[in-house]
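Notes for the one structure printed next.
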Amino acid sequence: MLDKVESEGRGIKLDQYMYRLRSVEYVQGISGERLDQRLASAYSLVIVTNGHVRLELDHVEATLDGHSVYFGLPGQTFGTAECNADLEMYIIHFDVYLPGQVGSESENLSGFQPAMDVELFPRQCKIDTGSEPNLPAICRELYNRWIRPCSRDRFRSQIEFQKLLLHIELYRMQQTTGTTHAIVSAKRYIEEHYREPITAGLLAGRLGLSPKYFAELFHKMYGKSVTSYVTELRLREAKRLMLHSRFKLRDIAHRVGYADEFYFSRKFKKEIGVSPTSYMNSRRRKLVAYRPWIIGHLLALNVMPYAAPLHPKWTESYYRDYRHEIPIHLSAYRYNQDWRMNVVKLGRLAVDLIVTTDDLEEQEKRALGQIAPLLCLPRKETNWREQLQYLAAELGETWQAGKWLEAYEHKARDARKRLQPYVGGKTFVGLRMVGNRLYLHCNGGMADVLYRDLGLSPAYRSETPTYDRPIAVEEIDRLNADYMLMLIRRDNDTLAHWTKLQYDPQWQAIAAVQRKRVYELPSDPWREYSAHAMLRMLEYAEQLLTADHPSLIRI
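Numbering of the sequence shown is given in my numbering, commencing with residue 303 and proceeding in unit increments.
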């Protein structure tokens, strides 16, 4: 059922709650760059004042352009899929409190309770503020006051934030929210009827909009055309049906909305890259990648898992690139926190093999062993190359592992040679930031890719290739590293401390900071230890260091 456009004036009563600003970030776009997925522990407002960005909020994507706002709840993850060079975006985190009953004794600070699920603005829907000139100025004023160390400015920023909330609510009430609702309704209709003939003109007519206007609105909101979205849904369902060998190709084509199986085959190969027959043959063995990094080893062997942990933050790359290729998604929330739920889910499936690690807790290992045979990869005292070769031998893919490693070594040699004119004689140090604490840091991937494969020179030398030890800012200065590579935890508290640190005179006195040679490394892939992750690290480092490539952190 499609809902026609009609005026909508519903909104919350802002005076029912109390609001406290937590942090304000200002993000400038670098064409082709991404903002890493992060977990929001507070409410979020993502406000784009210039340019455009494709935002990923949990499992939902939305395209935001200049003068648009997106609202997020605590516990959600968000990041950007892509942005353009003109992007100017503010990310604002805040808390919401529900006061005691007005006029009662509980109407005081001790009576305020955190409110964790208040939909101040429509969820999963952007608010278009049009060409309103005040929004950029309000955001800029809020940010400028927030970053100043003066307590009066911080207090004033709380006032500016209240004004911002009011402006956004006024924009929401004034815009043609009926149109937005209609486009959301159209998307929902497509998801329910994609097997039927659907065109933008058909949907526009039912909504009472012109086809051209409807097509522009749909593309603006979702970043794709109606035709592209219908094709995406049809092929996604086709891939799911291909896992069941009882379906013939002709039956699958008809089930997803294609009357001609030969047209379906051509469309499938064009969009997916392989023929339907090749796709089905490559997925007959139902393997489970029980740990996220095992996906990286399997991909190097050209093996697609049947089930694997996927999440837009904790397995960002695999979620983005392979979520439609992997039929069963296990929970990857906070790195195996939900293992019992995963075991229950696997127990309902018919799987051939569970690939896991030899460091599982005994209770977890016993539970998995009752579902299917286990292949436990050794983690201690083995590097990623040895783990890949061990897995390949067990799966009968030794030849593929050899070819992949040969290609990787060739690429590493070329990258090392290419880097020499840029970084020869320069020193590097890795740092990790959690909360307000800094650590000298080098994990397995950094040790192998940066110092072994690319031959970079470390500014700090340790007795062990991996290390993670606390360090103060003045100690960092004494290392005199030419480049600083940083892993910063993507939570509100750490990001707030990171913003503050950048204005610390001691930090600004560090030579690498002054030369703008401070680079933030995304946790994906730089915290993963697998063949596929190593390749991505290699490519990332080469791109970062061989061009006039602006740091993700402009200091």
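Using N, Cα and C, we set each Cβ at its ideal position, and we do this for glycine too.
Spatial distance of residue i from residue j (CA atoms)
i: L846; j: D455; result: 37 angstroms
i: L854; j: K818; result: Confidence at L854 is low in this model, with a pLDDT of 42, below 50, so the placement of that residue should be treated as unreliable; the coordinate-derived value is given next. Taking the straight line from one Cα to the other gives about 10 angstroms.
i: Q820; j: V775; result: It should be pointed out that residue 820 corresponds to Val in this sequence rather than to Gln. Looking at the two C-alpha atoms, the distance is approximately 14 angstroms.
i: M839; j: R538; result: 29 angstroms
i: A344; j: P376; result: 4 angstroms
i: E498; j: R508; result: 15 angstroms
i: M418; j: V398; result: 7 angstroms
i: G311; j: L468; result: Per-residue confidence for G311 stands at a pLDDT of 44, beneath the threshold of 50, marking its modelled position as unreliable; the derived number appears in the next sentence. Cα-Cα distance, rounded: 15 angstroms.
i: G405; j: G510; result: A caution first: G405 carries a pLDDT of 46, below 50, which makes its placement in the model too unreliable to give a value.
i: L679; j: Q689; result: 7 angstroms
i: F564; j: V736; result: 55 angstroms
i: A439; j: E518; result: 28 angstroms
i: M836; j: W686; result: 9 angstroms
i: S584; j: E358; result: 30 angstroms
i: L316; j: V420; result: 11 angstroms
i: E462; j: M786; result: 35 angstroms
Boundaries of the alpha helix (DSSP H) in which residue i is found, first to last residue
i: R336; result: No alpha helix (DSSP H) contains R336, which DSSP labels as neither H nor E.
i: T796; result: N794 to L803
i: N352; result: N352 -> not in any alpha helix (DSSP H); beta strand (DSSP E) instead, spanning Y345 to N352.
i: W616; result: From DSSP, W616 is part of no alpha helix (DSSP H); its letter is neither H nor E.
i: D640; result: Element bounds for D640: n/a, residue is neither H nor E.
i: Q318; result: From DSSP, Q318 is part of no alpha helix (DSSP H); its letter is neither H nor E.
i: T579; result: P578 to N583
i: Y762; result: Counting along the chain, Y762 falls outside any alpha helix (DSSP H), and DSSP gives it neither H nor E.
Counterpart residues of residue i in DSSP-defined beta bridges
i: Q415; result: L400
i: Q330; result: E390
i: I429; result: V371
i: C744; result: Y769
i: R271; result: Within the shown structure, residues of the chain are numbered from 303 to 857, placing residue 271 beyond reach of any answer.
i: V820; result: M786
i: P827; result: P827 pairs with nothing; no bridge assigned.
i: H631; result: A610
i: L655; result: L589
i: E363; result: E358
Span of the beta strand (DSSP E), counted from its first residue to its last, around residue i
i: A669; result: Here A669 belongs to no beta strand (DSSP E); instead the alpha helix (DSSP H) covers E664 to G671.
i: L589; result: L589 to A591
i: F380; result: T379 to C385
i: M606; result: Here M606 belongs to no beta strand (DSSP E), and DSSP marks it neither H nor E.
i: C288; result: Limits of the chain in this structure are 303 at one end and 857 at the other, which puts residue 288 out of reach.
Distance between beta carbons of residue j and residue i, contact taken as under 8 angstroms
i: R625; j: L612; result: 6 angstroms
i: R356; j: G525; result: 6 angstroms
i: I429; j: Y473; result: 6 angstroms
i: G610; j: I628; result: Note that residue 610 is Ala in the sequence shown, not Gly. The Cβ separation is near 5 angstroms, so the contact holds.
i: R340; j: E384; result: Not really, about 17 angstroms apart at Cβ, beyond 8 angstroms.
i: L323; j: F373; result: Between F373 and L323 the Cβ distance is about 15 angstroms, and since that is not below 8 angstroms, they are no contact.
i: F730; j: S764; result: Incorrect: roughly 13 angstroms between the Cβ atoms, too far for contact.
Buried versus exposed, by CB contacts within 10 Å (16 or more), residue i
i: Y515; result: exposed
i: W448; result: buried
i: F700; result: Residue identity differs from the one stated: residue 700 is Thr in this sequence, not Phe. By the neighbour-count rule (16 or more Cβ atoms within 10 Å), T700 is not buried but exposed.
i: S325; result: buried
i: V576; result: exposed
i: P273; result: The requested residue 273 does not occur in the structure, where the chain is confined to residues 303 to 857.
i: A833; result: buried
i: Q464; result: exposed
i: E618; result: buried
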